[in-house]
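Have a look at the structure below before the remarks.
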Amino acid sequence: MKPKLILHPSFFFVFFLISTNTPTYLCEDDAHYTNCGNAFTCGTTNLDLRYPFSGGNRHSYCGKEKLTCEGEVPKITINGIKYRILDWKNSTQTVTMARDDYWDSVCVSEYKNNTFDNTQFQYEHQDDDHRNVTLFYCPSDSHHSIPTTEIGIDICRAEYVYSTFVPVPSYAGNCKVVVIPIFQTSASLVLVNKTREALRNGFELKWVGDYGECQKCSDSGGECGVDDGDGEFQCFCVDGSHSASCTDHLACQWCRLTHVDSSPKHHSIGGTGQQLLACGTKGITIVKCSFSFSLLYQAVFFLLKMQLLRGTFFSFLVITITLSQIPTSCADDVHYLKCSSPFHCANLKNLSYPFWGYGRPTYCGHPAFNLQCTGEVATLSFMSESYRVLEVNDSDHRLKLVRTDYWNNICPTVLRNITMDSTFFNYGSDSQNLTLYYDCPSFPQSDSVSPWFNCSVNGTQMINYFVTESMLENSESGEVLGACKSRVVVPILESEAKVLETNSTVENLKAVLDNGFGAEWDANNSLCDECQNSGGHCGYNPSSSEFACYCRDGSFPSTCKKSVRTTSPVVNRISSKNNYDIVLLGTSG
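What the sequence shown shows, in mature numbering (1 follows the signal peptide of the UniProt record, and there is no 0), is residues -27 to -1, 1 to 562, in sequence order.
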């Protein structure tokens, strides 16, 4: 007959220790980590506004730059001027914004100039992508002199508003002067009295804060934030706040019995706490593991030495303490968890490796595949060029792309040929080239040369032509097209090329370009297949710049280990000769 379990007074002592030492993070993730893991919510916006931003659903400790949501539009106030957030790129820390007071009209009640002094947002006017537009607000009932004739004109109540790009280092007239940056691509709108439209397209600023620290934190599985007190950078992790990155938690797995010994050298359990013990009649069972329970186990071992614990109760006690003290690092690896769920970007659904962005950490994808998600538009940039992503076929590693500058546009401001990054991309076998010839001389019978279209640049009409590969081979107009000033080669789908060859209209030309072209990617595809087949999730190690396979028990170069721990422990019951049980926890092989 087995002895009865009697609650010794020591039980209540150990129970007290358990109840007061169980860490709160066993119940749920750190509140800062959870809150800052959510992007700023504002209406239907798809902008991935995270660090350094706070406001709304993001607590103040999630970032220093406070946002507000007004009319379903995210806005930020910088040095007393309110701006609309039009776009935010986490990878480059650049924000596109527009003056909120100029959104509806150039007629404003206050004349304020942008200032970004003493802020972490910087605008560099020297960059070729921007120009400064100067607005002169002049009384309509008095004489005024504007230092240029290159102007656009608007009328506001009792004022004339003149817009120009001419720098005004000093102006002594009676007009109020406001200078606002705009994109170079919007400059032509100003000279045709569409200044409001140019201002609504906004301009770009770069946030120059602690991006390097945030990247390190994010790569370690944390969420970036700041200390609510001193404003210093903080990395919020599942187990709490850290100064730089989430600490490398000791891997904690259920362990098999590895050693049994009753010699005194094993009686110092609790000093470093890296051995789990259980007890039977023959001595102390040492189960080696990688977690520390020093205070509780010292207490238990003290009771053991005092001969206050006996038999089954001791085994029960050890297991109870073990289960109550296992830290959250015993859960699946944080990289594995973060990369396990697919994500959505604009119109693209269920995306995974090699893509990342819009809240998906860098280490879950490949650096070359950073998606920007704005509204219903997903874009991918490589070799300094931007492409709209129309489709993603993960099983075939194929994309359908279209050049952003040719989206719904056959007359881009800048004419240039671009090539894809052959390291990671190749044109699909179903793609061919479409050649567009710009600024060509006028020929008496232009219709007999090639299909043509007009472009207007600053009011000047240009004659242009387009030909597919097949049309060019069968054309006798090579010398004629050679006289054109510019030539741009754009990839299109073969099926779309046949449409143009059959019906070469300008409408079809626009539609063909908007339907994009096929491309195939290779971002360690074979390694990713091996990783997924072994139960892992594909990713990237920012430290080594190598492929990483994220598994339940950590990160590996290509595949998960064959003996991966199961999600639930195996209970092994061993009966001793003295008729009481020792219960050991282990894993199935």
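Using N, Cα and C, we set each Cβ at its ideal position, and we do this for glycine too.
Computed from a predicted model, the values in this text were never measured in an experiment.
DSSP places V150 within a strand segment (E or B) once states are collapsed to three. Short of 6 Å from the beta carbon of F398, and not among the five residues preceding or following it, lie these beta carbons of its own chain, in chain order: A492 and W494. Under DSSP, W425 forms a beta bridge with Y438. A straight line joining the alpha-carbon of H215 with that of G194 spans about 12 Å. In the DSSP assignment, L310 falls outside any beta strand (DSSP E) and lies within the alpha helix (DSSP H) extending over V307 to K311. In this structure, G202 and L59 do not form a Cβ contact; the two beta carbons are roughly 33 Å apart against a cut-off of 8 Å.
Apart from sequence neighbours up to five positions away, the residues of its chain that approach V79 with a beta-carbon distance below 6 Å are D127, V134, T168 and R169, ordered along the chain.
Between V440 and L388, the C-beta gap is not smaller than 8 Å, which leaves the two residues out of contact. The segment 466 to 485 makes no contact with the segment 349 to 363, as fewer than three CB pairs between them are under 8 Å. For Y411, the closest of C9, S325, K458 and L486 by C-alpha to C-alpha distance is K458. Where K189 is concerned, there is no enclosing beta strand (DSSP E), although the alpha helix (DSSP H) around it starts and stops at Y184 to D192. The alpha-carbon separation between T92 and G204 amounts to approximately 14 Å. Contact annotation: C15 and S27 have beta-carbon atoms that are not nearer than 8 Å. Three or more Cβ pairs closer than 8 Å define a contact, and the segment 357 to 376 meets that threshold against the segment 318 to 327. Check the Cα spacing between S82 and each of K149, Y56 and S443: the tightest is with K149.
Less than 8 Å separates the beta-carbon of W76 from that of R57. When F138, N323 and P334 are compared, the shortest CA-CA separation from Y309 is found for P334. Among the bridge pairs identified by DSSP, A351 is matched with C346. Secondary-structure assignment with DSSP links I49 through a beta bridge to L40 and Y56.
For M444, the secondary structure class from DSSP, reduced to helix, strand or coil, is helix. Residue range L321 to L324 is occupied by the beta strand (DSSP E) that includes L324. Going by C-alpha positions, N488 is about 29 Å away from S314. Looking at the DSSP output, F206 bridges to V199.
In the displayed model, K167 falls within coil according to three-state DSSP, outside both helix and strand. Within a 10 Å sphere around the beta-carbon of Q207 sit 16 or more other beta-carbons, which makes this residue buried. In the DSSP assignment, the residues bridged to C318 are L321.
Excluding its 5 nearest sequence neighbours in each direction, V152 has C-beta neighbours in its own chain below 8 Å: N86, N87, N105, V106, T107, L108 and V141, listed in chain order. Secondary structure at T107: strand, using DSSP grouped into helix, strand and coil. The continuous stretches of alpha helix (DSSP H) do not include K535, and DSSP gives it neither H nor E. Residue Y331 holds the alpha-carbon nearest to the alpha-carbon of E349 among A341, P340 and Y331. In this structure, F89 is the residue among L164, F209, Y326 and F89 with its C-alpha nearest to the C-alpha of K179.
Note on P327: 16 or more other CB atoms within 10 angstroms of its CB, so buried under the neighbour-count rule. Annotated three-state conformation of C129 is strand, per DSSP.
Annotation for S159: no beta strand (DSSP E) segment contains it, and DSSP assigns it neither H nor E. With contacts defined by Cβ atoms closer than 8 Å, Y336 and A456 do not form a contacting pair. Assignment of T7 by DSSP, reduced to helix, strand and coil, places it in the helix class.
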